[in-house]
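Contents: one structure, followed by commentary.
Numbering (my numbering), first residue to last: 1156 to 1387.
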């Protein structure tokens, strides 16, 4: 697979830009702040519907614009493919595959596959566990695009539950029974969706163990210890 062309409209610093790419190594050269990383970010977004730099879509929209559109033209398994995603903060994002609309953005994922290595990846080691969970979830979405909906549901339920917990003190004194019932509903939904995500994370870790062990042995040939991976 290789990317042939990237077109961005109102994405980050770009009002409009079209950039061709070629098979093999492509190097983006320019001054700081010109938008080199923005192009890499857009390609990554076409594969995962998330950014490796920010947690929400709003920062991806150019200042003053209402939405952004990215188009990534690639060759996958010898066949041309065009993935288009319209990013609409506050509303549902839209996607097209080979110029045909698809019901869900997830239906356009899993075709373009990327491995992004960026300075932000240091957070996998130095950051909190949320960064590692996010890394695994990005990988899961590329493997099984249907999990984008599961991930979105989990984020939505977690946000609602956290909002309830922030106001629970005063509300519990006024309506204790109602608050307990509402919290119970969000707890059940969080457990249901969350257990699905955890099971998938465990699965992908199990798939990575063999590969990680082989890479480690290639680097540390004299080390007789075996590298292990486990989800905790």
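All C-beta atoms, glycine included, are put in the ideal place defined by N, C-alpha and C.
In its own chain, which residues sit with a C-beta less than 8 Å from the C-beta of residue i, not counting the 5 before and 5 after it?
i	result
residue 1357	1386
residue 1267	1156, 1158, 1198, 1201, 1202, 1227, 1229, 1231, 1236 and 1238
residue 1275	1207 and 1208
residue 1217	1165, 1166, 1167, 1168, 1169, 1170 and 1223
residue 1345	1309, 1312, 1313 and 1316
residue 1249	1240, 1241, 1243, 1256 and 1260
residue 1225	1161, 1162, 1163, 1164, 1166, 1197, 1200, 1201, 1239, 1240 and 1242
residue 1323	1334 and 1338
residue 1379	none
residue 1348	1305, 1308, 1309 and 1312
Provide the residue(s) that pair with residue i in DSSP beta bridges, ordered along the chain.
i	result
residue 1239	1226 and 1251
residue 1309	According to DSSP, which records beta bridges pairwise, residue 1309 is partnered with nothing at all.
residue 1163	1172 and 1225
Assuming residue i and residue j form a contact by the criterion Cβ under 8 Å, report the distance between their Cβ atoms to the nearest whole angstrom.
i	j	result
residue 1360	residue 1384	5 Å
residue 1103	residue 1177	Outside the displayed span of the chain (1156 to 1387) sits residue 1103, for which this structure offers no information.
residue 1212	residue 1244	5 Å
residue 1264	residue 1300	4 Å
residue 1289	residue 1296	About 11 Å separates the two Cβ atoms, so there is no contact after all.
residue 1363	residue 1341	Residue 1363 to residue 1341, Cβ: 32 Å. No contact.
residue 1184	residue 1271	About 19 Å separates the two Cβ atoms, so there is no contact after all.
residue 1293	residue 1192	Not really, about 17 Å apart at Cβ, beyond 8 Å.
Helix or strand or just coil, what does DSSP make of residue i?
i	result
residue 1270	coil
residue 1351	helix
residue 1214	helix
residue 1234	strand
residue 1158	strand
residue 1256	strand
residue 1342	helix
residue 1177	coil
residue 1208	coil
residue 1291	helix
residue 1184	coil
residue 1337	helix
residue 1382	coil
residue 1284	helix
residue 1376	coil
For residue i, I'd like the list of residues in its chain whose CB is within less than 7 Å of its CB, leaving aside the five on either flank, ordered along the chain.
i	result
residue 1287	1279
residue 1291	1356 and 1359
residue 1371	1382
residue 1368	1381 and 1382
residue 1389	The first residue shown for the chain is 1156 and the last is 1387, placing residue 1389 beyond what the model contains.
Cβ of residue i within 7 Å of Cβ of residue j?
i	j	result
residue 1210	residue 1261	no
Say the cut is 6 Å; is the CB of residue i nearer than that to a heavy atom of the ligand HEM?
i	result
residue 1309	The ligand HEM is absent from the structure shown, which contains no ligands of any kind.
What residues in its chain sit with their C-beta under 6 Å from that of residue i, if we drop five residues either side in the sequence?
i	result
residue 1253	1237
residue 1220	1165
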